[in-house]
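Accompanying notes for the structure given below.
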Amino acid sequence: MKDVIKDIPIESQLYAWLTSFFGAWTISEWAILIGVVVTVCGYVRESRYKKRMLELEEIRVGVRDKNGELINEKTG
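Read in order, the letters of the sequence shown are residues 59 to 134 in the numbering used here.
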């Protein structure tokens, strides 16, 4: 058995392992994984959006300058 595995090129072994890994999951498991990834990415995007909107509001009010730095920190 060891001789057979040694004779198989490394690339072929790698492709075989990848194929078996991806083939082992069912469609519902892939759907769950994709749903988790999309949810996490959406959460990160939404939190970055809210942070930027808060920063723009602070610039409009006058708490931050145009570069986004707090005005009180510059004078202190």
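Just so you know, even glycine gets a beta-carbon here, dropped at the ideal spot from N, CA and C.
Quick check on the burial criterion: 16 or more other C-beta atoms within 10 angstroms. Buried or exposed for residue i?
{"i": "arginine 122", "result": "buried"}
Can you list, in chain order, the residues of its chain with a C-beta nearer than 6 Å to that of residue i? Leave out the 5 residues immediately preceding and following it.
{"i": "valine 98", "result": "none"}
Quick one: what's residue i bridged to in DSSP?
{"i": "leucine 128", "result": "Arg122"}
Helix, strand or coil: which one does DSSP assign to residue i?
{"i": "isoleucine 63", "result": "helix"}
Taking 7 Å as the cut-off, does the CB of residue i come closer than this to any heavy atom belonging to the ligand NAP?
{"i": "alanine 89", "result": "As for the ligand NAP, it is missing from this structure, which has no ligand bound."}
Going along the chain, which unbroken runs of the alpha helix (DSSP H) with 4 or more residues stay wholly within the segment 80–125?
-> Scanning the segment 80–125 from its first residue to its last, the whole alpha helix (DSSP H) runs of 4-plus residues come out as 85–119.
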